[in-house]
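Here our numbering is used: position 514 in the sequence shown is 535, and no number is missing along the way.
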Amino acid sequence: MMNIEETKTNIFNDQKPGTSGLRKKVTVFQQEFYTENFVQAIFDAQGDRVVDSTFVVGGDGRYYVKEVVSKIIKIAAANRVGKLIVGRNGIFSTPAISNYIRKYKTNGAIVLTASHNPGGPDNDFGIKFNCENGGPAPDQVTNRIFEITKSLESFKYVPNLIIDIEKEQSTAIQVGDRKFVVEVINPVEDYVVLMKEIFDFPSIKELVHGSAERPKFELIVDCLNGVTGPYAQCIFGTELGVGESSIVHSTPLEDFGGLHPDPNLTYASNLVDTVRKGVYDMGVAFDGDGDRNMIIGKNAFFVNPSDSLAVLADNLELIPYFKKTGIKGFARSMPTGSAVDRVALNKACDIFEVPTGWKYFGNLMDAGRLSLCGEESFGTGSDHIREKDGIWACLAWLNIIAKLGKSIEEVLMDHWKIYGRHFFTRYDYEGCESLPANEVMIEIVSLIQNPKFIGEKLSWGDKTYVVQKADDFSYQDIIDHSLTVNQGLRILFEDGSRIVFRLSGTGSSGATIRLYIESYETNPSTFMMDAQVILKPLINIAINMSKVEEHTGRKFPTVIT
Ligand code: VG1
Ligand code: CO
């Protein structure tokens, strides 16, 4: 039998979760009692539901995950949790956790990830709480946790409870007068079963192997040393027969091998360069925790995530899962390009526009209103789980290509011919000081608050745009009617073009300004043009009106997508 101890904690005032959990430098989490404080607050926020509850624990394999898993085991045992399900070695992708919660009807999960942020002792760590629907906790829950962290006086734990998480095993321990169980499991198995239920694996297998009618479709998968490695090896390697040399960076590393595990053109440039050589028909990369994806076609033809969402929406019936469930509706986050809106219109189905962050899709899915959704930040997913899902997105593309028999570029060209093309770009000014970043936002606020701004003509070169509407985006959830405000400054123009400014909510320090630009073209002669060329006038208008360079001293963004 083991005993519970209670230790006085320190008060921390900075444990407010952002877009997707609490993210800070590892060194911040390593402060005495910092992590314990947040974990205790998660359990306290459960109220009486914590008694005999079952929670899943796992993360993206980054530095400090294992230490925090052992802290959580000790604290859970002392807080009357009945059972913890732990991914072996602390490994569990974000989508696989979401699936596990739903499949086995557990009470939720503590997900240890800073997603696409770099890892290692000098980089980032994160803790996210997911609810029993499998999705990230909504604002009401994270606000409750935050309030508790600010007044917590002590935390409870079982000091002598040590579990070997390198071995799959189940351990029952007597803690005080209760039984507490820790089950260490294979984190890959159930997820693979789910993928095989959703997609037409035989068709995908034929695609990647080639047949009498069609040459082999060459795929390269880059896991950026994140958590997807073991999932990719099993699904693309063992199940689909993709060669070992085409599944790269597939061992989860604590510092991601020095890579920045963010699948975009800047941080996954190795993959882009490889695919540019013309051998591969498709390249795909995932982020640290496996919920993001980047898709590129032959010769590094880039599929913008907003277009990816629209193409999947248009072809969803080709995927067995949706043939069965039907299509209930589409959604995108506000800054995401609106290509999918046209598909929704064409299919006469609902389209929802929600704030940035996957948690805002959850209620719609739970209410059976939403089948497919996405974000411009390389997030795509469906109601099979309640997180975005990188491997799912790759399989969805493969499934569709297997059925259509076209290249990725052909699929996009055909899509644009029908719907027109929404050009989209995002500029990130990462690692700014907080003060100047706020000044940039205030600059825009003062512009859009002026009633005379509506109708104003903004020009650059020979292009002129007329302001139709400008606001600070707010969203009322149609299911629980909760209101979320201050979700991004939008300037909408009469021709459908948009400029959006937002501050990132996932950074661990300082501030990141995100500038999103979109415009719509129907003239096919523009379709193959570079988005940066087409959007140049709007980009310059946005940069001038925000005085971003004056305030931050940044001549250029750090990342352009
Ligand atoms: C970013 C993206 C957002 C995404 C979030 C979490 O948030 O813009 O679309 O949902 O990251 O993604 P922000 O607040 O930095 O813009 V992940 O892969 O960290 O779970
Ligand atoms: Co992620």
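Think of the CB as a built atom: it goes at the ideal place given N, C-alpha and C, for glycine as much as any other residue.
Nearest-angstrom Cα separation, counted from residue j out to residue i
i      : j      : result
Phe226 : Leu261 : According to the sequence as given, residue 226 is Lys; it is not Phe. Taking the straight line joining both Cα atoms gives about 5 Å.
Glu189 : Pro208 : 10 Å
Gly528 : Lys149 : 14 Å
Leu339 : Ile463 : 46 Å
Leu240 : Leu416 : 11 Å
Lys217 : Gly155 : 20 Å
Asn314 : Asn420 : 16 Å
Asn565 : His281 : 30 Å
Asp65  : Phe59  : 10 Å
Ile118 : Ser480 : 48 Å
Asn544 : Ile520 : 21 Å
Gly378 : Pro251 : 26 Å
Val202 : Leu43  : 27 Å
Thr573 : Lys200 : 56 Å
Ser455 : Val569 : 13 Å
Tyr541 : Arg442 : 6 Å
Cys255 : Leu513 : 45 Å
Lys424 : Ala289 : 28 Å
Ser495 : Glu204 : 42 Å
Arg297 : Gln52  : 45 Å
Thr547 : Thr346 : 37 Å
Asn138 : Asp221 : 33 Å
Counted within 10 angstroms of its Cβ, other Cβ atoms place residue i as buried (16 or more) or exposed
i      : result
His502 : exposed
Arg235 : exposed
Pro558 : buried
Ala577 : The amino acid occupying residue 577 in the given sequence is Phe; Ala does not appear at that position. Result: exposed.
Met355 : buried
Ser191 : exposed
Arg535 : buried
His405 : buried
Met549 : exposed
Gly593 : No information on residue 593 is available, as it lies outside the stretch 22 to 582 that the chain covers here.
Ser41  : buried
Other residues of its chain near residue i: CB distance less than 6 Å, five sequence neighbours each side excluded
i      : result
Ala552 : Phe444, Thr446
Ser327 : Thr357, Gly358, Ala360, Glu397, Phe445
His436 : Val332
Val364 : Ala331, Ala334, Asp335
Val269 : Asp243
Arg123 : Gly155
Phe50  : Thr56, Phe146
Arg590 : The structure shown has nothing for residue 590, since the chain only spans 22 to 582.
Terminal residues of the beta strand (DSSP E) in which residue i lies
i      : result
Trp481 : 478–481
Met462 : No beta strand (DSSP E) contains Met462, which is instead part of the alpha helix (DSSP H) from 455–470.
Ser191 : 190–196
Met315 : 314–318
Lys484 : 484–493
Leu173 : Note, Leu173: premise wrong, no beta strand (DSSP E); not H, not E.
Tyr541 : 532–542
Cys415 : Run containing Cys415: none in the beta strand (DSSP E); it sits in the alpha helix (DSSP H), 411–425.
Glu396 : 393–396
Val47  : Here Val47 belongs to no beta strand (DSSP E); instead the alpha helix (DSSP H) covers 47–50.
Glu204 : 199–206
Ala552 : It is not in any beta strand (DSSP E) - Ala552 instead sits in the alpha helix (DSSP H) that spans 552–555.
Own chain partners of residue i with C-beta closer than 7 Å, once the 5 adjacent residues on each side are dropped
i      : result
Gly108 : Gly79, Ile206, Pro208
Tyr248 : Checking the sequence shown, residue 248 turns out to be Val, not Tyr. Closer than 7 Å at Cβ, skipping near neighbours: Asp81, Gly82, Ile112, Ser114, Pro273, Gly309, Asp310, Gly311.
Met22  : Gln195
Asp410 : Pro116, Asp312, Gly402
Gly389 : Lys349
Asn561 : Trp481
Cys152 : Gly129, Ala158, Val162
Gly531 : Gly452, Cys453, Glu454, Ser455
Asp449 : Thr533, Arg535, Pro578, Thr579, Val580
Thr505 : Asp160, Pro376, Ser495, Tyr496
Ile169 : Ala62, Asp65, Ala66
Beta-carbon proximity list for residue i, same chain, < 8 Å, skipping 5 on both sides
i      : result
Ile429 : Asp302, Met303, Ile316, Ile317, Gly318, Lys319, Phe322, Val324, Trp418, Ile422
Lys29  : Glu174, Ser175
Ile93  : Val60, Val78, Leu105, Ile131
Thr75  : Val102, Gly103, Lys104, Leu105, Ile106, Tyr125, Thr127, Asn128
Ser645 : Because the chain in this structure spans residues 22 to 582, residue 645 falls outside the shown range and cannot be described.
Val213 : Tyr252, Cys255, Ile256, Glu260
Glu26  : Ala99, Lys177, Tyr178, Val179, Pro180
Residue i, enclosing alpha helix (DSSP H) - first and last residue
i      : result
Ile372 : Per DSSP, Ile372 belongs to no alpha helix (DSSP H); it is in the beta strand (DSSP E), 372–375.
Asp335 : 326–335
Glu234 : Unbroken run through Glu234: none, as it is neither H nor E.
Arg363 : 360–368
Gly250 : 249–253
Ile184 : First-last for Ile184: undefined, no H or E at that position.
Residues passing the C-beta test against the ligand VG1 heavy atoms, cut-off 6 Å
Thr40, Ser41, Ser136, His137, Asp308, Asp312, Arg313, Ser354, Thr377, Gly378, Trp379, Glu396, Ser398, Gly400, Ser525, Gly526, Thr527, Arg535
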